[in-house]
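Student: Those letters in the sequence shown? Residues 1 to 96, by the working numbering.
Just so you know, even glycine gets a beta-carbon here, dropped at the ideal spot from N, CA and C.
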Amino acid sequence: IGWASLIVAGGGAYYFAKREINADRREKHLKRQQLQQQQYNMLYPENDPAGHPSAESSNDPAPTRHAPQTEQQEINEKSKYEASAVYKRPKGDRFS
């Protein structure tokens with residue numbers, strides 16, 4: 001009876017201690033998750049339109065460019081890195 005009761009008592013103490021330790025770990029984990037979620041929400045608010053250009057463009061006061069009305073306007077509006085005419089490759093055999 002002596003050893004058996006000691007083993008049962010030790011097993012019971014281990015079981016209840018383990019339950020309490022796991023509950024503490026779970027509680028700390030949930031607190032850590034909530035803190036991370038709060039920090040994430042502060043850094044990346046959901047109502048920020050920066051990731052959605054189409055939503056952001058509707059808030060512009062006026063468009064910055066208008067469609068060119070003539071071909072000369074189209075050529076003048078292009079940047080120095082854009083070609084003034086569409087590239088057309090030469091016809092024929094390039095190896096001859």
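1) Please state whether the Cβ-Cβ distance between E77 and P68 is less than 7 angstroms.
2) Work out the CA separation of R26 and R19 for me, nearest whole Å.
3) Roughly how many angstroms separate the alpha carbons of Q36 and E46, rounded to a whole number?
4) Could you spell out the range, first to last residue, of the alpha helix (DSSP H) harbouring H29?
Tutor: Quick answer:
1) Translated into positions along the sequence shown, residue 77 becomes position 77. Translated into positions along the sequence shown, residue 68 becomes position 68. For E77 and P68, yes; Cβs fall inside 7 angstroms.
2) To locate residue 19, count along the sequence shown from 1; it is residue 19. To locate residue 26, count along the sequence shown from 1; it is residue 26. C-alpha separation (whole angstroms): 10 angstroms.
3) Here the question's residue 36 lines up with position 36 in the sequence shown. Here the question's residue 46 lines up with position 46 in the sequence shown. Each residue's alpha carbon lies about 15 angstroms from the other.
4) The count along the sequence shown starts at 1 and reaches residue 29 at position 29. That run of the alpha helix (DSSP H) goes G2 to L43.
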